[in-house]
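Novice:
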Amino acid sequence: HHFGRADSVAKVNGFLVDPAYVEFVLSQHPHVKEAAVEIDTESNRGRPVVEAFLVLEAGFDKADLDAYMVDNILGSARPTRLYQMEDLPKTRNGKLVRSSLDRSQPFATSANMRQGDRPDLDILRSIWSNILEIEEIGD
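Okay, structure coming up:
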């Protein structure tokens with residue numbers, strides 16, 4: 056019998072994505088106090104979706120967070136669903152209760168997030184961006 060992985064790593068668009076790594080990168084942003092990342096394999100017709108649950112500081116700028124994610128998280132690992140939370144649900148010992156993460160109020164989606172849908176296009180964009188010496192190649 057094959058029981059799958061014991062960790063939370065999952066394939067997204069053919070690439071293995073580690074939610075713990077994405078959480079770490081998001082937590083490095085100056086306006087992110089806490090981050091939890093899940094890979095939802097249920098709601099999108101079986102296609103995995105990377106979700107980020109964020110506790111943000113005052114002065115948060117969505118455009119800045121979008122740019123940060125594009126610059127620091129590879130396309131397939133980049134969250135396409137973002138949820139802003141007051142606090143992450145935790146046990147008395149401080150352990151995250153993933154089953155209690157609230158998905159009822161998504162707060163952001165953006166065109167920049169969409170790029171992770173096609174890893175092959177992300178690679179082509181990157182190549183042409185370097186050749187043409189410009190920062191962003193659109194669809």
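The numbering of the sequence shown is the working numbering, which starts it at 56 and goes up by one.
Backbone N, C-alpha and C fix where the C-beta goes; we use that ideal spot for every residue, glycine too.
As the structure is a computational prediction, the values presented were derived from the model and not from experiment.
With DSSP as the reference, identify every bridge partner of Ala-91, one or two as the case may be.
Specialist: Walking along the sequence shown from the start, residue 91 turns up at place 36. Phe-108, per the DSSP bridge assignment.
Novice: Could you check which residue in Pro-161, Asp-95 and Asn-127 has the C-alpha nearest to that of Phe-79?
Specialist: In the sequence shown, residue 79 corresponds to position 24, counting from 1. The shortest C-alpha to C-alpha distance from Phe-79 to any of Pro-161, Asp-95 and Asn-127 is the one to Asn-127.
Novice: Quick one: Cα of Thr-135 to Cα of Val-104, how far?
Specialist: Within the sequence shown, numbered from 1, the residue matching residue 135 stands at position 80. Within the sequence shown, numbered from 1, the residue matching residue 104 stands at position 49. Approximately 7 Å, taken between the alpha carbons.
Novice: Would you decide whether Phe-108 is buried or exposed? Buried here means 16 or more other CB atoms lie within 10 Å of its CB.
Specialist: Indexing the sequence shown from 1 puts residue 108 at position 53. Result: buried.
Novice: Measuring alpha carbon to alpha carbon, tell me which residue in Pro-85, Pro-74 and Leu-111 is nearest Ile-2.
Specialist: The structure shown does not extend to residue 2, since the chain is modelled only from 56 to 194, so the question has no answer here.
Novice: State the CB to CB distance for the pair Leu-143 and Val-110, rounded to an integer number of angstroms; the pair is presumed to be in contact (CB under 8 Å).
Specialist: Along the sequence shown, read from residue 1 onward, the residue named residue 143 stands at position 88. Along the sequence shown, read from residue 1 onward, the residue named residue 110 stands at position 55. Their Cβ separation, rounded to whole angstroms, is 6 Å, which keeps Leu-143 and Val-110 in contact under 8 Å.
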